[in-house]
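Chemist: Have a look at this one.
Residue numbers (this note's numbering): 9 to 396.
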């Protein structure tokens with residue numbers, strides 16, 4: 009066996025040009041080709057080895073999820089900035105074609121995002137302040153409205169005296185409201201830090217977007233892999249940009265309709281209801297459910313009749329149903345359909361991990377994963393050509 013390996017080594021050196029070719033070398037090469045290949049020993053893995061491999065994978069997966077959860081203060085704004093930056097990818101590309109420098113491009117888009125957020129926050133200051141000032145009267149009115157319905161449920165054992173003393177009294181409820189406000193105030197500093205991280209990450213991501221694309225593409229060695237990377241990146245940016253641009257326009261219309269419904273129904277802070285309708289629409293299934301229940305409770309509190317109180321919620325639910333099942337599919341088509349069960353699981357998972365922001369990020373993250381899988385699994389697709 010050692011002699012055979014030596015012959016192969018000499019033949020390999022001759023083949024790559026390390027020695028001059030001669031009749032003896034030619035004979036040596038032919039002899040090496042006729043020699044049998046060395047035996048290949050394969051190790052058979054039993055069930056225990058496979059279980060150990062999956063156990064190691066599971067441990068690393070758990071550690072990864074724990075790291076994502078523990079680093080939520082940093083990962084939430086960075087992930088949100090990357091998603092927003094990819095949504096604005098088409099706008100950044102169009103500005104680049106118009107001759108706008110990359111840094112100016114990034115500054116304009118990030119400033120536009122900050123301006124939109126500032127305008128929304130400014131428009132909500134008035135309704136939120138009014139709602140906070142009317143909190144005691146609102147609590148009393150709520151208790152007086154729901155008391156007849158609670159008294160009908162005998163196993164609850166709730167009477168008007170329940171709200172006069174004890175943990176469910178008006179004073180206790182207002183005190184708990186103060187505790188909630190204190191909790192919100194203590195959470196304000198981390199929120200400001202996350203906001204600064206978000207805008208800094210968004211600005212840097214948009215400024216280095218082209219270089220980052222090149223770095224990701226050049227990470228792969230072969231031409232087909234680089235073409236696949238180009239195809240995946242372009243598809244993700246197109247899907248996110250098209251989806252959220254169209255969805256924002258549709259949901260703005262829904263917010264305006266909800267504002268009109270709240271104003272016509274006599275609900276307090278109609279602008280706030282419209283904003284919540286717009287924002288909750290980006291969370292499939294859970295958003296519409298919570299919004300409909302909230303409008304129903306507000307209607308029951310506002311009106312004496314039970315049926316009349318449910319009419320604003322019924323009107324909102326009907327409008328949302330028409331938009332989601334008729335207008336939205338007609339505009340989007342069927343190429344962005346995702347399994348509803350997968351989306352529901354994604355919403356639950358990211359809500360558990362990152363709270364309300366995670367619930368809003370569940371859909372774009374699902375779109376990214378769906379697009380990557382679709383682009384990598386479908387073979388017959390026009391492929392872009394790399395520049396020579």
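We treat Cβ as the ideally placed atom computed from N, Cα and C, and that holds for glycine.
When you compare each of 200, 95, 132 and 216 to residue 373 by their alpha carbons, which one comes out closest?
Modeler: The shortest Cα separation from residue 373 among 200, 95, 132 and 216 belongs to 95.
Chemist: Given 8 Å as the limit, is there contact between the region 238-251 and the region 302-322, that is, 3 or more CB pairs closer than that?
Modeler: Taking 8 Å as the limit for Cβ pairs, the verdict is that the region 302-322 does not touch the region 238-251.
Chemist: Just to confirm my understanding: we take residue 89, look at its own chain, exclude 5 residues before and 5 after, and list those with CB closer than 7 Å. What are they?
Modeler: Result list for residue 89: 206, 209, 210 and 213, in chain order.
Chemist: Mapping DSSP to helix, strand and coil, what is residue 59?
Modeler: It is helical.
Chemist: Starting from residue 368, trace the alpha helix (DSSP H) both ways and give me its first and last residue.
Modeler: Counting along the chain, the alpha helix (DSSP H) containing residue 368 begins and ends at 348-385.
Chemist: Would you identify the three-state DSSP class for residue 115, choosing helix, strand or coil?
Modeler: Looking at residue 115 - three-state DSSP - the assignment turns out to be helix.
Chemist: Quick check: residue 114 and residue 215, are their CB atoms within less than 7 Å of each other?
Modeler: Closer than 7 Å, so yes.
Chemist: Buried or exposed for residue 226, going by 16 or more other Cβ atoms inside 10 Å?
Modeler: Flag for residue 226 reads exposed.
Chemist: Helix, strand or coil for residue 313, going by three-state DSSP, please let me know.
Modeler: In the structure shown, residue 313 sits in coil (DSSP, three-state: anything other than H, G, I, E or B).
Chemist: Is the Cβ of residue 217 closer than 7 Å to any Cβ of chain C?
Modeler: Structure shown: chain C not included; a single protein chain is present.
Chemist: What residue range does the alpha helix (DSSP H) around residue 217 cover?
Modeler: Its alpha helix (DSSP H) spans residues 217-227.
Chemist: Measuring alpha carbon to alpha carbon, tell me which residue in 59, 252 and 307 is nearest residue 290.
Modeler: Nearest of 59, 252 and 307 to residue 290, Cα basis: 252.
Chemist: My output table needs one value for residue 77: the three-state DSSP class, helix, strand or coil.
Modeler: Of the three classes helix, strand and coil, the one that applies to residue 77 here is helix, per DSSP.
Chemist: Whole angstroms is fine: what's the gap from residue 239's alpha carbon to residue 119's?
Modeler: So the alpha carbons of these two residues sit roughly 29 Å apart.
Chemist: In this structure, does DSSP put residue 277 in helix, strand or coil?
Modeler: Three-state result, residue 277: coil.
Chemist: Tell me the rounded alpha-carbon separation between residue 26 and residue 64.
Modeler: Annotation note: pLDDT 47 at residue 26 (below 50); position unreliable, coordinate value reported separately. About 46 Å.
Chemist: Under DSSP, the alpha helix (DSSP H) around residue 103 begins and ends at which residues?
Modeler: Start and end: 97-105.
Chemist: Find out if the Cβ-Cβ distance for the pair residue 220, residue 331 is shorter than 7 Å.
Modeler: Result no, Cβ atoms of residue 220 and residue 331 do not sit closer than 7 Å.
Chemist: Measure how close the beta-carbons of residue 324 and residue 277 come, nearest whole angstrom, since I'm counting them as under 8 Å.
Modeler: Going by Cβ atoms, the distance from residue 324 to residue 277 rounds to 15 Å, so no, they are not a contact pair.
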